[in-house]
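If you read the protein sequences in the order shown, they are chains A and B.
End of the first sequence sits at 807 in our numbering; the numbers just go up one at a time, nothing left out.
End of the second sequence sits at 807 in our numbering; the numbers just go up one at a time, nothing left out.
There are 2 protein chains.
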Amino acid sequence: MGTTHKSFIREILRVTENPKTISFAGGLPNLKFFPVKEITNASLKVLEEDGENVLQYNTTEGYLPLREYIAERYRTKNGLTVDPDEILITNGSQQGIDLTGKVFLDKGDQIVIERPGYLGAIQALSMYEPIYQSIPLLGDGIDTDLLGKTFKGGGIKLFYTVPNFQNPSGITYSKQKRRDVADILEKHDAILIEDDPYGELRFIGEDLPSMGTYIKDNIILLGTFSKIIAPGFRLGWICAKKDIMEKIIIAKQASDLHSNQLSQRVIYQYLIDNDIDRHIMRIRAAYKKRRDLMVSMITEHFPEGIRCTEPEGGMFLWITLPERISSLDLFNLAIQENVAFVPGNAFYVDGGGNNTLRLNFSNSDETKIEEGIKRLADIIKTL
Amino acid sequence: MGTTHKSFIREILRVTENPKTISFAGGLPNLKFFPVKEITNASLKVLEEDGENVLQYNTTEGYLPLREYIAERYRTKNGLTVDPDEILITNGSQQGIDLTGKVFLDKGDQIVIERPGYLGAIQALSMYEPIYQSIPLLGDGIDTDLLGKTFKGGGIKLFYTVPNFQNPSGITYSKQKRRDVADILEKHDAILIEDDPYGELRFIGEDLPSMGTYIKDNIILLGTFSKIIAPGFRLGWICAKKDIMEKIIIAKQASDLHSNQLSQRVIYQYLIDNDIDRHIMRIRAAYKKRRDLMVSMITEHFPEGIRCTEPEGGMFLWITLPERISSLDLFNLAIQENVAFVPGNAFYVDGGGNNTLRLNFSNSDETKIEEGIKRLADIIKTL
Chain A
425 MGTTHKSFIR EILRVTENPK TISFAGGLPN LKFFPVKEIT NASLKVLEED GENVLQYNTT
485 EGYLPLREYI AERYRTKNGL TVDPDEILIT NGSQQGIDLT GKVFLDKGDQ IVIERPGYLG
545 AIQALSMYEP IYQSIPLLGD GIDTDLLGKT FKGGGIKLFY TVPNFQNPSG ITYSKQKRRD
605 VADILEKHDA ILIEDDPYGE LRFIGEDLPS MGTYIKDNII LLGTFSKIIA PGFRLGWICA
665 KKDIMEKIII AKQASDLHSN QLSQRVIYQY LIDNDIDRHI MRIRAAYKKR RDLMVSMITE
725 HFPEGIRCTE PEGGMFLWIT LPERISSLDL FNLAIQENVA FVPGNAFYVD GGGNNTLRLN
785 FSNSDETKIE EGIKRLADII KTL
Chain B
425 MGTTHKSFIR EILRVTENPK TISFAGGLPN LKFFPVKEIT NASLKVLEED GENVLQYNTT
485 EGYLPLREYI AERYRTKNGL TVDPDEILIT NGSQQGIDLT GKVFLDKGDQ IVIERPGYLG
545 AIQALSMYEP IYQSIPLLGD GIDTDLLGKT FKGGGIKLFY TVPNFQNPSG ITYSKQKRRD
605 VADILEKHDA ILIEDDPYGE LRFIGEDLPS MGTYIKDNII LLGTFSKIIA PGFRLGWICA
665 KKDIMEKIII AKQASDLHSN QLSQRVIYQY LIDNDIDRHI MRIRAAYKKR RDLMVSMITE
725 HFPEGIRCTE PEGGMFLWIT LPERISSLDL FNLAIQENVA FVPGNAFYVD GGGNNTLRLN
785 FSNSDETKIE EGIKRLADII KTL
């Protein structure tokens with residue numbers, strides 16, 4: 425991993441610590457929608473009913489009723505048949521990526537990622553020193569022609585993808601692209617990691633099938649409660665068939681024995697005592713409003729010649745400036761005006777993306793979106 | 425890691441799930457002493473006062489006031505000067521071991537561990553495929569003559585030790601051994617991992633200095649709240665100087681972004697609202713009583729020719745049977761009588777220890793200790 429990636433993040437964290445900063449940088453859900461009262465009630469209930477066991481060591485796989493709940497949701501939401509033993513609770517989906525790398529990657533192994541790609545995955549997988557083949561995203565998903573050719577070249581071990589409202593680009597894979605990707609992966613016996621942190625946050629259009637619909641064995645699905653309940657718990661999951669899962673469980677046990685047991689119980693209690701779908705609908709409506717506002721502010725105030733994705737869900741917009749404008753220059757000027765975002769270069773392992781940037785719309789309230797985009801527009805005009 | 429290690433653990437987990445089993449197997453603290461009421465109060469307080477922020481993403485390093493508390497405790501309990509920035513909150517000390525392996529170990533690197541050694545460390549480090557040099561423990565710590573010779577041989581990267589009430593042996597390093605180990609490590613510029621999960625659980629004698637007293641830079645101290653508060657939170661910490669810490673933070677961020685934020689806040693609230701030293705004294709007294717009972721039951725009922733450590737603290741006794749008796753045979757007979765322990769072989773990376781076993785005394789109440797040891801004695805007599 426280049427030091428650029430690290431220093432971007434450090435810089436961004438430092439800047440966003442300033443309460444005056446309008447930050448479109450982080451990938452933060454909006455804390456206004458955290459169900460604090462319901463979580464408090466769930467915590468009380470769990471500690472009162474079974475406090476001692478909740479605070480004891482537990483199994484590596486995680487709390488069985490929670491795994492059953494997740495399996496059942498895969499059935500009803502995604503039409504996938506999943507056994508609870510095919511679910512392992514992790515510390516956010518970030519740990520799911522890490523464990524996958526730990527189990528499957530040796531130094532020098534070749535893997536495919538999206539271009540631009542999710543920075544957290546790049547960070548996690550880079551610890552295992554793979555060689556990246558990064559393949560461009562088109563408007564409807566990865567360039568499958570190039571994906572096919574790359575796999576045909578041989579030696580590719582896995583492909584990491586975020587098919588719904590991708591981070592950073594906001595792009596969603598079409599149904600056809602999902603089938604095509606699955607075909608390529610199956611043909612070359614490689615592993616697909618389908619990371620789906622934002623799938624529940626669809627504002628427009630219809631849900632599209634998980635690639636787990638088309639791939640039987642060699643697929644690892646990653647999920648998280650961070651975007652639909654709250655990220656502070658650090659709870660997500662891995663879903664994989666037995667052969668893969670056995671290896672992942674050993675790696676999880678070696679990494680930290682098991683995930684926080686109290687939080688697993690609290691999340692489960694919250695889920696059975698509340699209407700999660702109604703809660704998600706509230707988040708969706710709020711994020712859609714922010715996305716619409718940000719897109720319309722950009723359309724209105726940014727100069728011509730700037731492209732902006734209009735994602736059907738999730739938390740991010742992706743901006744492409746004219747080629748001659750550097751988003752790093754823009755970043756350096758913007759932080760002086762107390763506006764932050766992530767320069768696109770951070771999402772490219774092989775350089776490039778210098779004229780792109782990622783904007784988060786979930787975490788800011790509407791007046792901040794208005795003010796922040798206006799400030800950005802003014803700076804862009806000076807460039 | 426041999427499959428023996430994995431299958432032992434699976435078998436033991438399976439057996440101890442049977443409520444009829446008297447288990448001296450796991451390394452479980454006694455749940456009777458979990459401060460459930462106090463944790464409930466702390467949870468309520470934290471969620472009411474700052475619920476939204478507590479449930480949001482946070483910094484990789486962990487909650488600053490908690491890190492300040494840990495640094496201050498190093499000062500008062502261990503006489504060590506530690507800056508809060510030299511503390512990183514981890515998912516139990518198990519993750520501390522994992523992150524150390526991730527940062528420092530490449531396949532084929534040589535590392536020293538104790539013989540017998542802590543199984544969790546063997547599991548965590550084995551993921552990075554090192555070559556183990558396991559050096560025997562004597563009554564007062566590792567065989568420093570052999571340790572010196574091994575380091576002189578060259579190429580040893582690190583040494584992992586549990587100097588207080590070691591797991592599995594119960595052995596504590598003498599002050600002299602600590603100095604000697606530090607001298608050897610400093611001379612050869614290798615890294616010492618001092619894992620101290622049980623240090624606060626001393627029943628007899630005086631606290632001995634951390635090897636951090638003698639080693640300035642190349643030392644990683646691991647600590648945990650699992651044994652003094654509760655393990656279900658999965659919260660521990662790494663303490664290391666800046667150069668090491670910077671690498672560890674990057675590895676932690678790649679692994680899971682940060683540890684559970686709610687639990688960090690709850691533990692901190694618990695610590696400032698309660699008298700932790702009084703709580704620890706209660707645990708110490710209870711565990712000492714159990715240890716004394718287990719030792720006296722063994723002395724009374726086990727046949728002659730069986731050795732048993734008498735640890736000054738911690739949670740484990742280590743039994744050495746006559747050479748011709750296999751503890752695995754004993755294990756297989758014992759589980760039929762619903763008594764479980766860990767056969768010693770599991771703690772040897774190079775084979776050996778076939779006539780040894782580990783007994784946990786913290787997790788069983790007194791009638792179970794009496795009954796379990798009697799049953800074990802009867803079976804041993806038949807061998």
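For every residue, glycine included, the Cβ atom is placed at its ideal position computed from N, Cα and C.
{"Check": "Taking the alpha-carbon positions, what's the Ile-672 of chain B to Glu-734 of chain A distance?", "Outcome": "38 Å"}
{"Check": "Under 6 Å Cβ to Cβ from Tyr-597 of chain A, same chain only, skipping five residues before and after it: list those, please.", "Outcome": "Gly-565 and Pro-587"}
{"Check": "Which whole-angstrom value describes the C-beta separation of Leu-695 of chain A and Tyr-493 of chain A, a residue pair presumed to lie in contact below a C-beta threshold of 8 Å?", "Outcome": "6 Å"}
{"Check": "Output, in chain order, the set of chain A residues within a Cβ distance shorter than 8 Å of Arg-658 of chain B.", "Outcome": "Asp-680, Leu-681, His-682, Ser-683, Asn-684 and Gln-685"}
{"Check": "Tell me the rounded alpha-carbon separation between Pro-767 of chain B and Leu-741 of chain B.", "Outcome": "12 Å"}
{"Check": "Our contact map puts Leu-681 of chain A next to Gly-516 of chain B with C-beta atoms below 8 Å; I'd like the distance itself, whole angstroms only.", "Outcome": "6 Å"}
{"Check": "Would you kindly work out how many angstroms separate the C-alpha atoms of Gly-796 of chain B and Ala-675 of chain A, rounded to a whole number?", "Outcome": "33 Å"}
{"Check": "Checking 8 Å against the spacing of the C-beta atoms, do Arg-706 of chain B and Phe-457 of chain B come in under that value?", "Outcome": "yes"}
{"Check": "Only counting the same chain, and skipping five residues up and downstream in sequence, which positions put a Cβ closer than 7 Å to that of Gly-579 of chain B?", "Outcome": "Gln-534"}
{"Check": "Flag Val-478 of chain B as yes if its beta-carbon sits less than 8 Å from any beta-carbon of chain A, otherwise no.", "Outcome": "yes"}
{"Check": "Chain B beta carbons: is any one of them nearer than 8 Å to that of Gly-636 of chain A?", "Outcome": "no"}
{"Check": "Within the 8 Å Cβ cut-off, does Pro-554 of chain A reach chain B?", "Outcome": "no"}
{"Check": "Name, in chain order, the residues that DSSP records as bridge partners for Tyr-487 of chain A.", "Outcome": "Tyr-487 of chain A pairs with nothing; no bridge assigned."}
{"Check": "Where Asn-778 of chain B and Tyr-481 of chain B are concerned, what is the direct C-alpha to C-alpha distance, given to the nearest angstrom?", "Outcome": "48 Å"}
{"Check": "Answer with yes or no whether the minimum CB distance from Asn-482 of chain B to chain A is below 8 Å.", "Outcome": "yes"}
{"Check": "With Arg-527 of chain A as the anchor, note down where its alpha helix (DSSP H) starts and where it stops.", "Outcome": "The residue asked about is misnamed: residue 527 of chain A is Val in this sequence, not Arg. Looking at the DSSP string, the run of the alpha helix (DSSP H) that includes Val-527 of chain A is 516-528."}
{"Check": "So what does DSSP say about Asp-641 of chain A, is it helix, strand or coil?", "Outcome": "coil"}
{"Check": "Closest to Ala-449 of chain B by CA distance: which of B:Gly-775, B:Tyr-772, B:Lys-469 and B:Asn-762 is it?", "Outcome": "B:Asn-762"}
{"Check": "Go ahead and pull the three-state DSSP assignment for Gln-590 of chain A.", "Outcome": "coil"}
{"Check": "Helix, strand or coil, according to DSSP, for Thr-505 of chain A in the structure here?", "Outcome": "coil"}
{"Check": "Tell me, please, whether the CB atom of Gly-516 of chain B is closer than 8 Å to any CB atom in chain C?", "Outcome": "Among the chains of the structure shown, chain C does not appear; the protein chains present are A and B."}
{"Check": "How should Asp-604 of chain B be labelled, buried or exposed, when 16 other C-beta atoms within 10 angstroms of its C-beta is the threshold for buried?", "Outcome": "buried"}
{"Check": "Going by DSSP in three states, Gly-450 of chain A sits in which element: helix, strand or coil?", "Outcome": "coil"}
{"Check": "Sorted by chain position, which residues of the same chain lie with C-beta nearer than 6 Å to Thr-428 of chain A's C-beta, five sequence neighbours on each side aside?", "Outcome": "Its pLDDT being 45, under 50, Thr-428 of chain A is placed unreliably in this model, and the coordinates cannot settle the point."}
{"Check": "Which residues in the same chain as Pro-554 of chain B place their Cβ atom closer than 6 Å to its Cβ, once the five residues preceding and following it in sequence are excluded?", "Outcome": "Leu-529, Asp-533 and Ile-535"}
{"Check": "On the DSSP letters alone, give me the boundaries of the beta strand (DSSP E) that Ser-558 of chain B sits inside.", "Outcome": "555-562"}
{"Check": "What are the residues that DSSP puts in a beta bridge with Pro-767 of chain A?", "Outcome": "A:Leu-781"}
{"Check": "Say whether chain B places a C-beta atom closer than 8 Å to the C-beta of Thr-522 of chain A.", "Outcome": "First, the residue type needs correcting, since residue 522 of chain A is Asp and not Thr in the sequence shown. Yes, Asp-522 of chain A lies at the interface with chain B (some Cβ there is under 8 Å from its Cβ)."}
{"Check": "Determine the chain B residues that contact Val-460 of chain A at a beta-carbon separation under 8 Å, and present them in chain order.", "Outcome": "Leu-471, Gly-475, Glu-476 and Leu-479"}
{"Check": "Just grab the DSSP bridge partners of Asp-619 of chain A for me.", "Outcome": "A:Leu-646"}
{"Check": "On the CB-based measure, 16 or more other CB atoms within 10 Å of its CB, does Asp-613 of chain B come out buried or exposed?", "Outcome": "exposed"}
{"Check": "Does Gln-677 of chain A come out as helix, strand or coil in the three-state DSSP assignment?", "Outcome": "helix"}
{"Check": "Please confirm whether Met-551 of chain B has its beta-carbon closer than 8 Å to some beta-carbon of chain A.", "Outcome": "yes"}
{"Check": "Whole angstroms is fine: what's the gap from Ile-722 of chain A's alpha carbon to Leu-468 of chain B's?", "Outcome": "43 Å"}
{"Check": "Is Tyr-711 of chain A helix, strand or coil when you go by DSSP?", "Outcome": "helix"}
{"Check": "Can you tell me whether Leu-558 of chain A is buried or exposed? The criterion is at least 16 other CB atoms within 10 Å of its CB, across all chains shown.", "Outcome": "The amino acid at residue 558 of chain A is misidentified as Leu; the sequence shows Ser. It counts as buried."}
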